[in-house]
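Undergrad:
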Amino acid sequence: MQPFSYQRASDVRQAVAAAAKPGAKFIAGGTNLLDLMKLGIERPAHLVDISRLPLAAIAETSDGGLRIGAQVRNSDLAADMRVRTRYPMLARALLAGASAQIRNKATTGGNLLQRTRCPYFYDINMPCNKRTPGSGCAALNGFNRIHAVLGASEACIATHASDMAVAMMALDAIVEIVADGGDTRRVALDDLYQAPGTTPHIETSLRVGELITAVILPPAPPGVQIYRKVRDRASYAFALISVAAVIDMSGGKIRGARLALGGVAPKPWRTPEIERLLAGERGTDVAFQKAADAAMKNARGHGHNDFKIDLAKRTLGRVLTEATS
Amino acid sequence: MTDLPDETGLTRRELLELSVASAALAGTRGWSAEAAPARSAAGDAIETAVTLRINATSYHLTLDPRTSLLDALRHQLALTGSKKGCDHGQCGACTVLVNGRRINACLTLAVMHDGDEITTIEGLANGEALHPLQAAFIKHDGFQCGYCTPGQICSAAGLLSEVKAGWASYATDDLTKSPALSGAEIRERMSGNICRCAAYPNIVAAIIDASGEA
Numbered sequence: 195m196q197p198f199s200y201q202r203a204s205d206v207r208q209a210v211a212a213a214a215k216p217g218a219k220f221i222a223g224g225t226n227l228l229d230l231m232k233l234g235i236e237r238p239a240h241l242v243d244i245s246r247l248p249l250a251a252i253a254e255t256s257d258g259g260l261r262i263g264a265q266v267r268n269s270d271l272a273a274d275m276r277v278r279t280r281y282p283m284l285a286r287a288l289l290a291g292a293s294a295q296i297r298n299k300a301t302t303g304g305n306l307l308q309r310t311r312c313p314y315f316y317d318i319n320m321p322c323n324k325r326t327p328g329s330g331c332a333a334l335n336g337f338n339r340i341h342a343v344l345g346a347s348e349a350c351i352a353t354h355a356s357d358m359a360v361a362m363m364a365l366d367a368i369v370e371i372v373a374d375g376g377d378t379r380r381v382a383l384d385d386l387y388q389a390p391g392t393t394p395h396i397e398t399s400l401r402v403g404e405l406i407t408a409v410i411l412p413p414a415p416p417g418v419q420i421y422r423k424v425r426d427r428a429s430y431a432f433a434l435i436s437v438a439a440v441i442d443m444s445g446g447k448i449r450g451a452r453l454a455l456g457g458v459a460p461k462p463w464r465t466p467e468i469e470r471l472l473a474g475e476r477g478t479d480v481a482f483q484k485a486a487d488a489a490m491k492n493a494r495g496h497g498h499n500d501f502k503i504d505l506a507k508r509t510l511g512r513v514l515t516e517a518t519s
Numbered sequence: 021m022t023d024l025p026d027e028t029g030l031t032r033r034e035l036l037e038l039s040v041a042s043a044a045l046a047g048t049r050g051w052s053a054e055a056a057p058a059r060s061a062a063g064d065a066i067e068t069a070v071t072l073r074i075n076a077t078s079y080h081l082t083l084d085p086r087t088s089l090l091d092a093l094r095h096q097l098a099l100t101g102s103k104k105g106c107d108h109g110q111c112g113a114c115t116v117l118v119n120g121r122r123i124n125a126c127l128t129l130a131v132m133h134d135g136d137e138i139t140t141i142e143g144l145a146n147g148e149a150l151h152p153l154q155a156a157f158i159k160h161d162g163f164q165c166g167y168c169t170p171g172q173i174c175s176a177a178g179l180l181s182e183v184k185a186g187w188a189s190y191a192t193d194d195l196t197k198s199p200a201l202s203g204a205e206i207r208e209r210m211s212g213n214i215c216r217c218a219a220y221p222n223i224v225a226a227i228i229d230a231s232g233e234a
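Quick mapping for you: the protein sequence lines, in order, are chains A and B. Per our numbering: the first sequence = residues 195 to 519. Per our numbering: the second sequence = residues 21 to 234.
Have a look at this one:
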């Protein structure tokens, strides 16, 4: 591991000021960052420890939503009874992620910013445009079973690995960000992430030194919430496909649907086109098949991951059936 | 790393003992795998002072900030009960309790735990009286080679606290209720601890047995 200097920030202002130092990086739970530092993939010269910043509260917002501090640990968020009763899909998504030990460390902000688990990103002997811009993508013609079928580019087909963010995407979460100087801005979670295009090393719209301070959940939407994860092991494995769904039924018809997919794209993948298709439909297999086909219309496999296109459609169908029955 | 003598004529264990004695007495830097003191890109020495509270004892150390909590325990303090398996948070052999919560000691920096209450497998027993989980692992033969066992037991201790606090798991049907401990709950909640000998059925039995008294 490359040597680095270490500093513990005592407040947000100090943290964002320290992040201006060349080669500086924030560390919170550290479960992903340290893993990458051990392998020489992340090489910060200076670590700013933000794990003790006073950002670990979950508070009610005035409109009936929740403001989740960026330092709220995944285990605490999953254990919160307000989350378990009002946002059960988020609690399920959190509990589907990682192990108990890691959830006790991993934070809300860190989870959003975790890096891909593409094995070629992790192998410093292989080309990877995300790790070493311009070096190529070894996954395109490599073993790409876990890779993206939507939203990828010729430069990168890595997926985003978070479960939590998939549920938050379906819940229209807002990310609160503080910049050096103390200015706060808010962006929709969907806008936090950038498409890989020709610059897959740039993953978010965060500017240098900016710090995520909270995630804001709007009031819980009406309807049944489901988070379903399909993976190679029953526990402690990343998603091949996951579906987060809020389905609101009225008089036998779908009044509103919100859906997000995990494991298929470089970011948690919201599907507004099928939400429109489903609105007003009765919960029939034909309607679900049509919606699932539409969701994956632009999907493109790369060989080993071709199965994900069908698996995503079937998982969507299963979730929609469960939500409407 | 082996226990063969190195060029100083000392075995690794003797080196550890020497360095721990000096670290504990004088608060100096202990044995480290790094040959030279760490320097930042600008050439500054970057060692950082930290007080680790481990098993109710305070240790004042000056560490290269790269030192993981696991390496500090094993190399600086000779608390070798916590094991290094994968060093990437995948196997759980390094599990310790920090402020009562189970974490992977390999995936955190020692300097980030200044003042935290850390409990390792060495601190679970009450004197000569084994912790109920330790006794249950022996009774149910919850191990074979034993390498993962300290991590399994510390993890199980964390699990029992989490269940007591009403935390749900992915195996819990009704998220709005406090879950009851079952085999399925234990298997899900212990998925961060791998046992290559596959002592899993006996580990589950030991945890169920200990859950009443732990």
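C-beta atoms are modelled at their ideal positions from N, C-alpha and C, and glycine is treated no differently.
Strictly under 7 Å for the Cβ-Cβ distance: is A:Ile244 near chain B by that measure?
TA: No, A:Ile244 does not count as interfacial toward chain B.
Undergrad: Regarding A:Ala250 and the ligand FMN, is the C-beta to nearest heavy atom distance less than 6 Å?
TA: Among the components modelled here there is no ligand, and therefore nothing to report on the ligand FMN.
Undergrad: Any C-beta of chain B within less than 8 Å: which residues of the segment 281–299 of chain A qualify?
TA: Within the segment 281–299 of chain A, the residues whose Cβ lies closer than 8 Å to some Cβ of chain B are Pro282, Ala285, Arg286, Leu289, Ala290, Ala292, Ser293, Ala294, Gln295, Ile296, Asn298, Lys299, listed in chain order.
Undergrad: Helix, strand or coil for A:His354 per DSSP?
TA: A:His354 falls in the coil class under three-state DSSP.
Undergrad: Report the residue from B:Gly120, B:Gly109, B:Asp84 whose alpha carbon sits nearest the alpha carbon of B:Arg73.
TA: If we check each option's Cα against that of B:Arg73, B:Gly120 comes out closest.
Undergrad: Taking Cβ positions only, does B:Ala43 come closer than 7 Å to chain A?
TA: The predicted position of B:Ala43 is uncertain, since its pLDDT is 42 and thus under 50; no value can be drawn from it.
Undergrad: Hey, A:Leu365 and A:Leu334: beta-carbon distance below 7 Å or not?
TA: Cβ distance not < 7 Å, so A:Leu365 and A:Leu334 don't count as in contact.
Undergrad: Between the Cα of B:Cys217 and the Cα atoms of B:Asp84, B:Gln172, B:Pro199, which residue gives the shortest distance?
TA: Nearest C-alpha to B:Cys217: B:Gln172.
Undergrad: Beta-carbon within less than 7 Å of B:Leu90's beta-carbon, same chain only, minus the 5 sequence neighbours each way: which residues are those?
TA: Excluding positions up to five away in sequence, the list reads Ser102, Lys104, Cys114, Ala125, Cys126.
Undergrad: Check the C-beta distance from A:Ala355 over to A:Thr310 and give it rounded, since I have them as a contact under 8 Å.
TA: Yes, A:Ala355 and A:Thr310 are in contact; Cβ-Cβ is about 6 Å, under 8 Å.
Undergrad: With C-beta atoms as the reference, is A:Tyr477 less than 7 Å away from A:Thr518?
TA: Looking at the sequence shown, residue 477 of chain A is not Tyr but Gly. Yes, Cβ-Cβ distance for A:Gly477 and A:Thr518 is below 7 Å.
Undergrad: Report the neighbours of B:Glu208 on chain A: residues whose CB is nearer than 7 Å to its CB, in chain order.
TA: Within chain A, the residues near B:Glu208 are Ser429.
Undergrad: So with CB distances below 9 Å, who are the chain B contacts of A:Thr279?
TA: Those are Leu195, Thr196, listed as they occur along chain B.
Undergrad: Let me see if you follow: with CB-CB separation under 7 Å, is B:Thr128 close to chain D or not?
TA: This model lacks chain D altogether, as its protein chains are A and B.
Undergrad: Would you say A:Pro460 and A:Ala349 are within 7 Å of each other, going by their C-beta atoms?
TA: No. Outside cutoff.
Undergrad: Could you run through the segment 451–469 of chain A and flag, in chain order, every residue whose CB is less than 7 Å away from some CB of chain B?
TA: Correct list: empty, as no residue qualifies.
Undergrad: What residues from the segment 175–186 of chain B come within 8 Å of chain A, judged by C-beta to C-beta, listed N to C?
TA: So the list reads Ser175, Gly178, Leu179, Glu182, Ala185, Gly186, given in the order they occur along the chain.
Undergrad: Can you tell me the Cβ-Cβ gap for A:Ala203 and A:Asp243, rounded? I've got them flagged as a contact below 8 Å.
TA: Indeed they touch by this definition, with Cβ atoms about 6 Å apart.
Undergrad: Which residue or residues does DSSP assign as beta-bridge partners of B:Leu72?
TA: BP columns for B:Leu72 point to B:Tyr79.
Undergrad: Going by alpha carbons, who is nearest to A:Leu453 out of A:Pro462, A:Gly445, A:Ile340, A:Gly446?
TA: Here the closest residue by C-alpha is A:Pro462.
Undergrad: Could you tell me which of A:Ile340, A:Gly304, A:Thr353, A:Tyr314 sits nearest to A:Gln388, measuring between CA atoms?
TA: Nearest option by C-alpha distance: A:Thr353.
Undergrad: CB B:Ala130 to CB B:Ala92, shorter than 7 Å?
TA: Going by C-beta atoms, B:Ala130 is nearer than 7 Å to B:Ala92.
Undergrad: What would DSSP say about A:Ala214, mapped onto helix, strand or coil?
TA: Coil.
Undergrad: Would you report the Cα separation of A:Gln483 and A:Thr378, rounded to the nearest angstrom?
TA: In a straight line, the C-alpha of A:Gln483 is about 43 Å away from that of A:Thr378.
Undergrad: Please work out which residues of its chain come closer than 6 Å, Cβ to Cβ, to B:Ala226, disregarding the five sequence neighbours upstream and downstream, and give them in chain order.
TA: Cβ neighbours of B:Ala226 beyond the five flanking positions: Ala156, Phe157, His160, Gly162.
Undergrad: Pull up the CB-CB distance for B:Gly178 and A:Ala294, whole angstroms please, since I reckon it's below 8 Å.
TA: About 7 Å; that satisfies the 8 Å criterion.
Undergrad: Given a threshold of 16 other Cβ atoms within 10 Å of its Cβ, counted over all protein chains shown, does A:Arg508 qualify as buried or as exposed?
TA: Result: exposed.
Undergrad: Does the Cβ of B:Thr139 have 16 or more other Cβ atoms within 10 Å, making it buried, or fewer, making it exposed?
TA: Buried, by the Cβ-count rule.
Undergrad: Determine the DSSP secondary structure at B:Ile123, reduced to helix, strand or coil.
TA: Strand.
Undergrad: Measure the Cβ-Cβ separation of A:Val424 and A:Leu434 and say whether it is below 7 Å.
TA: Result yes, Cβ atoms of A:Val424 and A:Leu434 sit closer than 7 Å.
Undergrad: Which residues mark the beginning and the end of the alpha helix (DSSP H) in which B:Ala98 is found?
TA: No alpha helix (DSSP H) contains B:Ala98, which DSSP labels as neither H nor E.
Undergrad: On the criterion of 16 or more Cβ atoms from any shown chain inside 10 Å, does A:Asn323 qualify as buried, or is it exposed?
TA: Flag for A:Asn323 reads buried.
Undergrad: Less than 7 Å between the beta carbons of A:Arg278 and A:Ala285, yes or no?
TA: Contact: yes.
Undergrad: Is there a C-beta anywhere in chain B that falls below 7 Å from the one on A:Gly520?
TA: Lying before the first or after the last residue shown, residue 520 of chain A is absent from chain A, which here runs from 195 to 519.
Undergrad: Could you check if B:Val183 is buried or exposed, using at least 16 other CB atoms within 10 Å of its CB as the buried criterion?
TA: So B:Val183 ends up on the buried side.
Undergrad: By Cβ distance below 6 Å, which residues in the same chain neighbour A:Gln196 in space, the five residues on each side in sequence not counted?
TA: Counting only Cβ-Cβ distances below 6 Å, and skipping sequence neighbours, we find Arg237.
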